[in-house]
Amino acid sequence: MGQARLSLQDVSVEVAGQALVRELCLDVGEGEVVGLVGPNGSGKSTALRCVYRALRPTRGAVLLNDEDLSGVPLAESARSIAALTQDSRAELDFTVEEVVALGRSPHQRGNARLTARERQLCRDALRRMDITHLALRSVLSLSGGERQRVLMARALVQEPSVLVLDEPTNHLDVRHQVELLSFLAGCGLTVLVALHDLNLAAAVCQRIAVLRDGELAACGPPAEILTPELVLDVFGVHASVVAHPRTGITQLLYDLDPERTDHG
Ligand SMILES: Nc1ncnc2c1ncn2[C@@H]1O[C@H](COP(=O)(O)OP(=O)(O)OP(=O)(O)O)[C@@H](O)[C@H]1O
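In the numbering used here, the protein residues as written are 46 to 309.
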């Protein structure tokens, strides 16, 4: 596990003649947490798929430490990039500890047994995701949030240098959302994370990239990006910006009155 820089360079994705992502340029520095936000259908998952290589960009390239991933064998990039995706499935009748151990497969040859160090890694990931008590349960019996934490633990035992996360807080209760995001903020990995919750994004991300209709509408530190004007323009929602009373971090208060017309 080393540090890594990720770079999307002019990435465009077209499917059936329709542009889903257009000329997206985005860098994620070593150890940086960058959030990808935008309305439904704006291209967040599509852009992330190009990074974890479920999709090949129609044009442009994704670079890891300046190397174009299109020339890197999949098994090799899987040792560096772990993904938690909307498509992540854990629906085979495996136990939680078996699913988590699958995170080691990019590092293994054949059916080698886990080493003592790898077993310790798995135990650490179970503990970190607060699922130790579920280790012997079938993943089929888990709740949505428990399953999400299992998939996150599997990503961690992969020992990646880059984490690509598509809505990782989906299904999580508020305590597990906060724990996951504070882990991401302190983990030292290079993280690209799609989030719907702009306040969680502001709390955890050093920079936020805003997608609209497949294009980058804005990118920068949360305090610069999350203005009432941008939130109204991109999401069509009136919001007030406040500073968190303890941390000073930018947070949004949404105005639920759809009749409102001013920008205050
Ligand atoms: N295989 C496909 N064929 C055609 N259109 C697609 C395909 N995959 C995605 N799309 C469309 O591309 C657009 C972007 O989808 P994407 O899933 O990247 O958006 P998103 O920003 O992640 O959305 P959400 O917030 O709803 O998860 C959507 O309009 C979607 O319907």
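Where is the CB? At the ideal position from N, CA and C, for every residue including glycine.
Inset, instruction - Just list the alpha helix (DSSP H) runs in the region 206-267, keeping only unbroken ones of 4 residues or longer that don't cross its boundaries, in chain order. - result: Taking only runs of at least 4 residues, the alpha helix (DSSP H) segments lying wholly in the region 206-267 are 219-231 and 243-249.
Legend entry - Test item, CB below 5 Å from any non-hydrogen atom of ligand 1: The answer, residue by residue, is Val-60, Leu-65, Asn-85, Gly-86, Ser-87, Gly-88, Lys-89, Ser-90 and Thr-91.
Inset, instruction - Grab me the residues of Glu-212's own chain with a C-beta within less than 8 Å of its C-beta, minus the 5 sequence neighbours each way, in chain order. - result: Within the same chain, Glu-212 has close Cβ partners Gln-131, Ala-239, Leu-240 and His-241.
Legend entry - Any C-beta of chain B under 8 Å from that of Glu-68: In summary, chain B is missing from the structure at hand, where a single protein chain is found.
Inset, instruction - State whether the region 182-189 contacts the region 197-212, with contact taken as three or more CB pairs (one from each stretch) at a distance under 8 Å. - result: no
Inset, instruction - Give the secondary structure of Ile-294 by DSSP, where H, G and I count as helix, E and B as strand, and everything else as coil. - result: coil
Legend entry - Neighbourhood of Pro-266 by C-beta distance below 8 Å, restricted to the same chain and skipping five residues each side: For Pro-266, where only same-chain residues beyond five positions count, the Cβ hits under 8 Å are Gln-251, Arg-252 and Ile-253.
Legend entry - Own chain partners of Leu-298 with C-beta closer than 7 Å, once the 5 adjacent residues on each side are dropped: Contacts found: Ala-284, Ser-285 and Val-287.
Inset, instruction - Could you spell out the range, first to last residue, of the alpha helix (DSSP H) harbouring Ser-125? - result: No alpha helix (DSSP H) contains Ser-125, which DSSP labels as neither H nor E.
Legend entry - Option nearest Gly-233 by Cα separation, candidates Leu-179, Glu-75, Arg-50 and Glu-274: Glu-75
Inset, instruction - Compare the beta carbon distance of Leu-81 and Leu-256 with 8 Å and say whether it is the shorter of the two. - result: yes
Inset, instruction - Assuming Leu-225 and Leu-217 form a contact by the criterion Cβ under 8 Å, report the distance between their Cβ atoms to the nearest whole angstrom. - result: 6 Å
Inset, instruction - Please work out which residues of its chain come closer than 6 Å, Cβ to Cβ, to Val-96, disregarding the five sequence neighbours upstream and downstream, and give them in chain order. - result: Its chain contains Val-107 and Val-209 as the residues whose beta carbon lies nearer than 6 Å to that of Val-96, once the 5 sequence neighbours on both sides are disregarded; these appear in chain order.
Legend entry - Alpha-carbon spacing of Ala-198 relative to Leu-51, whole angstroms: Each residue's Cα considered, the two are about 22 Å apart.
Legend entry - DSSP bridge partner residues for Gln-331 (one or two, in chain order): With the chain represented from 46 up to 309, any question about residue 331 goes unanswered, as that position is not in the structure.
Inset, instruction - Go ahead and pull the three-state DSSP assignment for Thr-140. - result: strand
Legend entry - Three CB pairs or more closer than 8 Å across the region 58-66 and the region 86-102: Touching, yes, given that three or more Cβ pairs across the two stretches are closer than 8 Å.
Inset, instruction - State the CB to CB distance for the pair Leu-271 and Leu-243, rounded to an integer number of angstroms; the pair is presumed to be in contact (CB under 8 Å). - result: Taking a contact as a CB-CB distance under 8 Å, the pair Leu-271 and Leu-243 counts as one, their CB atoms being some 6 Å apart.
Legend entry - Host alpha helix (DSSP H) of Val-195 (start-end): 189-202
Legend entry - Residues sharing a beta bridge with Tyr-311, DSSP: Residue 311 is absent from the model: the chain starts at 46 and stops at 309.
Legend entry - Proximity to Gly-148 [Cα-Cα], best of Pro-290, Gly-88 and Val-195: Val-195
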